[in-house]
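**Student:** Shown below is the structure under consideration.
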Amino acid sequence: MRCVIARFPFDLVKSEVEQSMSGITPEPVTGLAVTIGGRAYPVMQVGEVITRQNRRDFTTGEMRRALTRLGFTCHDAGAGPVTPTPEA
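Adding 777 to a residue's 1-based position in the sequence shown gives its number in my numbering.
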């Protein structure tokens, strides 16, 4: 799937994101999280790993949209899954 994160285009594939995160220990979740391989990761941690950009370069919203479009479940820390919002 083609998406733009922090003004840079990326071609993301769900299986490649899962593979990239497979050896990564999840950081404590304080905000928005995404479930990958049965583990909850902060969306900003996932964004940093898959884009190789600094977390200050992109937003939680950009990562949430991209991960949701790939088929991952995003949710608030300590809450159930968040229903994806339609893109405008």
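Positions of the beta carbon are idealized from the N, C-alpha and C atoms, including for glycine. All values derive from a computational prediction rather than experimental measurement.
#1: Comparing the C-beta of residue 839 with each C-beta of chain B, is any distance below 8 angstroms?
#2: Mind checking residue 796: buried by the 16 CB within 10 Å criterion, or exposed?
#3: Can you tell me whether residue 805 is buried or exposed? The criterion is at least 16 other CB atoms within 10 Å of its CB, across all chains shown.
#4: What do you reckon, are the CB atoms on residue 844 and residue 790 nearer than 8 angstroms?
#5: List the whole-angstrom C-beta distance separating residue 854 from residue 808, where the pair is believed to meet the contact cut-off of C-beta under 8 angstroms.
#6: Going by beta carbon distance, what residues of the same chain come within less than 7 angstroms of residue 779, once the five residues before and after it are set aside?
#7: What do you reckon, are the CB atoms on residue 847 and residue 794 nearer than 8 angstroms?
#8: Can the beta-carbon of residue 825 be found less than 8 angstroms from the beta-carbon of residue 832?
**Tutor:** The structure says:
#1: The displayed structure is made up of one protein chain only, and chain B is not part of it.
#2: Looking at its Cβ environment, which holds fewer than 16 other Cβ atoms inside 10 Å, residue 796 is exposed.
#3: exposed
#4: no
#5: 6 angstroms
#6: 786 and 788
#7: Yes.
#8: yes
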